[in-house]
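Q:
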Amino acid sequence: MRKSIKTGYLIAALCVAIAFLVAVLALAKSEENHYADIQLSAAKRMAEAEEYLKSKIQEKGIEVQENDLNKTYLIGPDYTELTTTLGNLEAKRTSLDPNFAAAMVRYYQQAGLKKGDIVAIGSSGSFPALAMATVIAAKEYGLKTKVIASLGASTYGATRVEFNIFDFLICLRDAGYADFELLAVSRGGEHDYGEGAMEGLLFEGSKELTYNICQTVANETGAEYLVYDSLVDNVSRRLELYGDIDMFVNVGGAAANSGAGMTGHSFPYGLVLERQILPNVEVKGLCYEYSAKGIPVLNLLNVKQLAAENGITFDPVPLLEPGDSGVYSETRYSLVLIILGIVSTTAILVVGAVLSRKKR
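Quick note, my numbering runs 30 ahead of the 1-based positions in the sequence shown.
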């Protein structure tokens with residue numbers, strides 16, 4: 031019967047491993063990102079943009095939502111004709127943190143983008159604040175931006191008919207906070223048909239309403255109005271419109287971007303640099319289409335995860351100021367200590383194993 035390493039050696043190895051771990055953590059250094067000035071500039075611009083949009087909404091006589099704890103006026107009602115799915119209120123409030131613009135700069139940097147590179151953005155109305163952060167950060171970074179926006183939104187997003195996702199984006203561009211080409215608009219919702227989740231229950235005529243809103247915006251901006259019976263054709267047209275790009279950013283869960291059905295929930299969240307295998311389904315979505323080609327994809331949907339990986343507080347009251355986040359620096363750990371810890375722990379285990387065999 032084989033004898034295992036004696037308990038004393040195992041305890042010694044564990045103690046050494048813990049000691050080195052404590053040392054590595056204690057001696058870790060936080061170093062400011064070399065692009066932190068761009069991050070801070072983007073965050074400040076987003077904070078200014080939120081105040082600007084707040085004033086535009088107030089001008090329309092729109093009242094603040096009771097659950098908009100920070101009184102931003104940027105949290106929409108739960109159910110309107112534009113509501114397509116359920117959303118998470120805490121996530122919507124968190125997304126309004128201006129430091130998310132700094133996080134977008136960080137993602138652009140991690141994706142290896144350079145000034146003048148082209149970023150394609152596909153956004154629903156579910157997270158207007160993340161759409162804001164994306165286009166504002168792109169301008170501060172010096173990127174060229176192409177946008178296709180879908181009108182539908184999950185609860186608490188850009189659900190107001192009188193101030194929808196198109197209004198968010200166009201107001202930002204007109205005021206100089208963002209600089210992008212609005213390539214196309216669509217209705218959103220299931221299969222991009224524009225039917226609200228509460229159609230026939232709370233509202234009637236949502237498909238006609240969304241059609242008219244999109245048609246008006248297309249006429250006023252020159253954007254193409256995407257109206258297709260087939261979601262496959264819809265996705266193909268979007269690929270044609272975007273052309274050659276250096277990165278794709280998905281904001282929200284529009285089927286054309288995320289994929290239909292379960293496919294829409296299978297693509298990883300956050301920045302995805304590794305190629306993803308195309309799923310064996312008819313409607314793959316732009317996230318998979320671009321990732322399979324080796325193009326970086328930023329999937330902005332799971333706000334709790336995005337906040338955690340960027341040092342942003344979840345659902346803060348009040349909202350934090352630009353610069354008040356861990357996203358502006360990186361923690362550096364001593365590689366020498368890590369290697370010494372691994373070598374020392376391994377050495378104890380090896381010696382213990384050898385001596386244990388000799389004492390059989």
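Backbone N, C-alpha and C define an ideal beta-carbon position, used for all residues, glycine too. For clarity, every value in this text was computed on a predicted model and none was experimentally measured.
Checking contacts by CB at 7 Å: is SER321 closer than that to chain D?
A: Absent here is chain D; the protein component of the structure consists of one chain.
Q: Bridge partners for THR115 per DSSP, in chain order?
A: What you label residue 115 is simply residue 85 of the sequence shown in a count that begins at 1. SER184.
Q: In whole angstroms, what is the alpha-carbon distance linking GLN69 and PRO346?
A: Translated into positions along the sequence shown, residue 69 becomes position 39. Translated into positions along the sequence shown, residue 346 becomes position 316. Distance between the alpha carbons of GLN69 and PRO346: 20 Å.
Q: Report yes if the C-beta distance between ALA159 and SER180 is below 7 Å; otherwise report no.
A: Locating residue 159 in the sequence shown gives position 129, counting from the first residue. Locating residue 180 in the sequence shown gives position 150, counting from the first residue. Not a contact, by the Cβ cut-off of 7 Å.
Q: Between VAL257, THR110 and LEU104, which has its C-alpha nearest GLY286's C-alpha?
A: For this step, residue 286 is matched to residue 256 along the sequence shown. One detail in the question is off: residue 286 reads as Ala in this sequence, not Gly. Checking every option, the nearest Cα to that of ALA286 belongs to VAL257.
Q: By how many angstroms is the C-alpha of TYR171 removed from the C-alpha of MET277?
A: The residue given as residue 277 occupies position 247 in the sequence shown. The residue given as residue 171 occupies position 141 in the sequence shown. For MET277 and TYR171, the distance between alpha carbons rounds to 14 Å.
Q: Alpha carbon to alpha carbon, what distance is there between LEU44 and LEU331?
A: For the purposes of this step, residue 331 is taken as the residue at position 301 of the sequence shown. For the purposes of this step, residue 44 is taken as the residue at position 14 of the sequence shown. When rounded, the distance between both Cα atoms is 40 Å.
Q: Over the uninterrupted beta strand (DSSP E) stretch that includes GLU360, give me the two end residues.
A: On the sequence shown, residue 360 is found 330 positions in, with the first residue counted as 1. Residues 359–362.
Q: Check the DSSP bridge columns for VAL149 and list the partner residues they point to.
A: Taking the first residue of the sequence shown as 1, we reach residue 149 at position 119. According to DSSP, VAL149 bridges with THR175 and MET277.
Q: Find out if the Cβ-Cβ distance for the pair LEU328, VAL279 is shorter than 7 Å.
A: Here the question's residue 328 lines up with position 298 in the sequence shown. Here the question's residue 279 lines up with position 249 in the sequence shown. It is a contact, given that the beta carbons lie within the stated cut-off.
Q: For GLU304, name the three-state secondary structure that DSSP assigns.
A: The residue labelled residue 304 in the question sits at position 274 within the sequence shown. Of the three classes helix, strand and coil, the one that applies to GLU304 here is coil, per DSSP.
Q: Using a Cβ distance threshold of 8 Å, determine whether the stretch 192–205 contacts the stretch 82–92, with at least three qualifying pairs required.
A: Result yes; three or more Cβ-Cβ pairs closer than 8 Å.
Q: SER260: buried (16+ other C-beta within 10 angstroms of its C-beta) or exposed?
A: Against the sequence shown, residue 260 aligns to sequence position 230. Exposed, since its Cβ has fewer than 16 Cβ neighbours within 10 Å.
Q: Taking a contact to mean a Cβ-Cβ separation below 7 Å, would you say PRO128 touches ALA167 in this structure?
A: Numbered from its first residue, the sequence shown carries residue 128 at position 98. Numbered from its first residue, the sequence shown carries residue 167 at position 137. No.
Q: What is the residue span of the alpha helix (DSSP H) that GLU319 lies within?
A: Counted from its first residue, the sequence shown places residue 319 at position 289. Per DSSP, GLU319 belongs to the alpha helix (DSSP H) from 316–322.
Q: Determine whether the beta carbon atoms of ALA53 and TYR358 lie at a separation below 7 Å.
A: In the sequence shown, counting from the first residue as 1, residue 53 sits at position 23. In the sequence shown, counting from the first residue as 1, residue 358 sits at position 328. No, they are not a contact pair.
Q: Is DSSP giving GLU211 helix, strand or coil here?
A: Here residue 211 is taken as the residue at index 181 of the sequence shown, counted from 1. If DSSP states are grouped into helix, strand and coil, GLU211 belongs with the strands.
Q: Quick one: is GLN335 buried, meaning 16 or more other Cβ sit within 10 Å of its Cβ, or exposed?
A: In the sequence shown, counting from the first residue as 1, residue 335 sits at position 305. Exposed.
Q: Would you decide whether PRO348 is buried or exposed? Buried here means 16 or more other CB atoms lie within 10 Å of its CB.
A: Residue mapping note: residue 348 aligns to position 318 of the sequence shown, counting from 1. With fewer than 16 other Cβ atoms within 10 Å, it is exposed.
Q: For ILE372, which residues in the same chain have their Cβ closer than 7 Å to its Cβ, ignoring the five residues on either side in sequence?
A: For the purposes of this step, residue 372 is taken as residue 342 along the sequence shown, with counting starting at 1. So the list is empty, once near-sequence residues are dropped.
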